[in-house]
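Residue numbers (my numbering), protein chains in the order written: chain E, 96 to 267; chain S, 281 to 379. Here's the structure we're looking at; comments come further down.
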Amino acid sequence: MEEVLFFLAAFGALGGAVGVVAMRNPFYGVLALIVHLFSLAVLFLLLSSAFLAAAQVVVYAGAVMVLYVFVVAYVGGGEESAWEPIPGQRFIAPLLGLALFVELAIAVLGSSLLALGTEGPEVKAGFGDPAAIGTLLLEKFLIAFEASSILLLLAAVGAVVLAGRKREGSAA
Amino acid sequence: MSIEWYVVLSSLLFATGAVGILIRRSPIVILLCLELMLNAGNLALIAFSRMAGNEEGQIFALVVMVVAACEVVVGLGLIVAIFRRKLPLDVDALRELRG
Numbered sequence: 096m097e098e099v100l101f102f103l104a105a106f107g108a109l110g111g112a113v114g115v116v117a118m119r120n121p122f123y124g125v126l127a128l129i130v131h132l133f134s135l136a137v138l139f140l141l142l143s144s145a146f147l148a149a150a151q152v153v154v155y156a157g158a159v160m161v162l163y164v165f166v167v168a169y170v171g172g173g174e175e176s177a178w179e180p181i182p183g184q185r186f187i188a189p190l191l192g193l194a195l196f197v198e199l200a201i202a203v204l205g206s207s208l209l210a211l212g213t214e215g216p217e218v219k220a221g222f223g224d225p226a227a228i229g230t231l232l233l234e235k236f237l238i239a240f241e242a243s244s245i246l247l248l249l250a251a252v253g254a255v256v257l258a259g260r261k262r263e264g265s266a267a
Numbered sequence: 281m282s283i284e285w286y287v288v289l290s291s292l293l294f295a296t297g298a299v300g301i302l303i304r305r306s307p308i309v310i311l312l313c314l315e316l317m318l319n320a321g322n323l324a325l326i327a328f329s330r331m332a333g334n335e336e337g338q339i340f341a342l343v344v345m346v347v348a349a350c351e352v353v354v355g356l357g358l359i360v361a362i363f364r365r366k367l368p369l370d371v372d373a374l375r376e377l378r379g
């Protein structure tokens, strides 16, 4: 059962990723990314991290993707021209990507992490549930938590400054 | 499923995102491919967290999600600003900063 779910979710994640890269219309790219994110949430559940799976669906597939859809609808999903600034770019880039994958796979599978070939140790029932994550976040990683809240505030202010309309008479 | 399957899948997704960044020219699609790479990193972090048997890697992944949300907000703000100034939405046409 677990294997079936893994391969289904892996297929979905990979298909979504290829869709993002290959779709010529950015709007379909966003939809493919939503498929990808849902499949990743299934994989997170298989790795027994329930809270992260929920956050993935709510934050990513919900909020962030809505932002993307709004911006694509605002600027209009124009299709790219087939003009290539570097000749043969479309053929060389996948080769480079393949080389990157092979290198990463060799680095991971050749590493001396002994537990890599196992399913991981037995975990207790509450592994990765909101209570466990919240306790860690507010006790051991409090500084990271506060820093990320400041980062979110800065990003919100930055977005308003970048995309807001300029007032009349202010310096451009 | 053993952990290495997840990690290999994550490197495959990361390479796919990298290819997308190399071949696409619309800044929106480049941001989408950046999301692919960040999520591949998240998958690896959560797989390693499961391998180690503690939740600290999941906190790491959560912080990566926050950073990704900030990056999306700023990136989309830039795209809206580019569009408002009636500049082309093409990373090869916007080459003013190139030395």
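No residue lacks a Cβ here, since even glycine has one placed at the ideal position from N, Cα and C.
Non-local C-beta neighbours of S:A324 in its own chain, meaning closer than 7 Å and more than five positions away in sequence, comprise V287, S290, ordered along the chain. S:R330 is positioned such that its CB atom lies no closer than 7 Å to that of S:D370. Separation of S:G357 and E:L193 (C-alpha to C-alpha, rounded to the nearest whole angstrom) is 33 Å. Put simply, of E:L126, E:G107, E:A127, E:V115 the residue whose alpha carbon is nearest the alpha carbon of E:V137 is E:G107. Between the C-alpha atoms of E:E234 and S:R378 there is a straight-line separation of about 45 Å. Secondary structure note for E:G157: it is in no alpha helix (DSSP H), with a DSSP letter that is neither H nor E. Spanning the alpha carbons of E:A104 and S:I339 requires a straight line of approximately 23 Å. The beta carbon of S:M317 is closer than 6 Å to those of F294, G297 in its chain, skipping five residues each way along the sequence. By the criterion of at least three beta-carbon pairs nearer than 8 Å, the segment 242 to 256 of chain E is not in contact with the segment 159 to 173 of chain E. At a cut-off of 7 Å between beta-carbon atoms, S:A327 makes contact with chain E. Only residues of its own chain outside the window of five on either side were considered, and among them none has a CB closer than 8 Å to the CB of E:L191. Assignment of E:M96 by DSSP, reduced to helix, strand and coil, places it in the coil class.
Apart from sequence neighbours up to five positions away, the residues of its chain that approach S:G337 with a beta-carbon distance below 7 Å are L325, I326, F328, S329, ordered along the chain. According to the DSSP assignment, E:G253 belongs to the alpha helix (DSSP H) that extends over 237 to 258.
Distance check between S:C350 and each of E:L246, E:E98, E:V255, E:A158 places E:L246 closest, using alpha-carbon atoms only. Separation of S:I310 and E:M118 (C-alpha to C-alpha, rounded to the nearest whole angstrom) is 12 Å.
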